[in-house]
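For the sequence shown, the residue numbers in UniProt numbering are 1 to 125. For glycine and all other residues, C-beta sits at the position ideal for the given N, C-alpha and C. Every value quoted in this text rests on a predicted model; they were computed, and no experiment measured them. Working notes, beginning with the structure itself.
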Amino acid sequence: MDQTIHNHRVVDNLGTTFAALSDPTRRAMIERLSHGPASVHGLTEPFALSQQMISKHIAYLVRARIVIKTKRGRESVCTLRPEAIKTVSDWAISYRRFWEESFDKLEVVVNQMKKEEARDGRKHG
């Protein structure tokens, strides 16, 4: 597969994932599911939201491929797909390297400025 197409697909998936993660209710659901699968009813309990709103949140997480929803008898169970979160983590790590390198470069400049200041202070002191 062409690298450009692959990167575009990853970024497109990230957009959907970030949109899903942008809502605090959905983030709370993900936090709950990080401890193991839960029924839809179990995910509804901590929130002061209607069953219909909870279902919409779950559907959003399923569309973003963060959660898998399966039927067990009469009950629907949600399970977290950790690989979806790993994609976000991998993406963020690439920028972390950029920032760390930038901070390292900044530290070199600041240290150089401190040395020059100390040298100038000795000349005038």
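Less than 8 Å separates the beta-carbon of A20 from that of I66. Each residue's CA atom was taken as its position, placing A28 and S76 some 18 Å apart. In the DSSP assignment, I68 forms a beta bridge with T79. The beta carbon of W91 is closer than 7 Å to those of L14 in its chain, skipping five residues each way along the sequence. With a contact defined as Cβ atoms closer than 8 Å, T16 and A64 qualify at about 5 Å. Cα atoms of S22 and D120: separation of roughly 51 Å, rounded to the nearest angstrom. Rounded to whole angstroms, the gap between the alpha carbons of K105 and A118 is 20 Å.
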